[in-house]
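The next block holds one structure in the form of structure tokens; read it before the comments.
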Amino acid sequence: MGRGGRRDLGDDILDGVVEPGKVFDATTDLDGVPAGYQDMADRRSLKVLVEP
78 MGRGGRRDLG DDILDGVVEP GKVFDATTDL DGVPAGYQDM ADRRSLKVLV
128 EP
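Using our numbering, the letters of the sequence shown correspond one by one to residues 78 to 129.
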């Protein structure tokens, strides 16, 4: 459980309540991490998923 008795987002993802694909709007590999952070800072991406 999260703060104040609420469930954590991670719990909801693992239980299938939240679909991570709805949270992440871009993907990158490890080499693209700096650009992914810049995209989030510039508000071009909400969340970037890093895949191996």
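Beta carbons: idealized from backbone N, C-alpha and C, even for Gly.
Compute the Euclidean distance between the alpha carbons of residue i and residue j, then round it to the nearest angstrom.
i      : j      : result
ILE90  : LEU123 : 17 angstroms
TYR114 : VAL125 : 8 angstroms
GLY87  : MET117 : 20 angstroms
ALA103 : VAL95  : 17 angstroms
ARG121 : LYS99  : 16 angstroms
Under a Cβ-count criterion, where at least 16 other Cβ atoms within 10 Å of its own Cβ denotes burial, should residue i be classed as buried or exposed?
i      : result
GLY93  : exposed
PRO111 : exposed
VAL127 : exposed
Under DSSP, the alpha helix (DSSP H) around residue i begins and ends at which residues?
i      : result
LEU107 : Neither: LEU107 is in no alpha helix (DSSP H) and is coded neither H nor E.
DSSP has residue i in a bridge; who is on the other side?
i      : result
LEU86  : In DSSP, LEU86 forms no bridge with anything.
LEU126 : THR104
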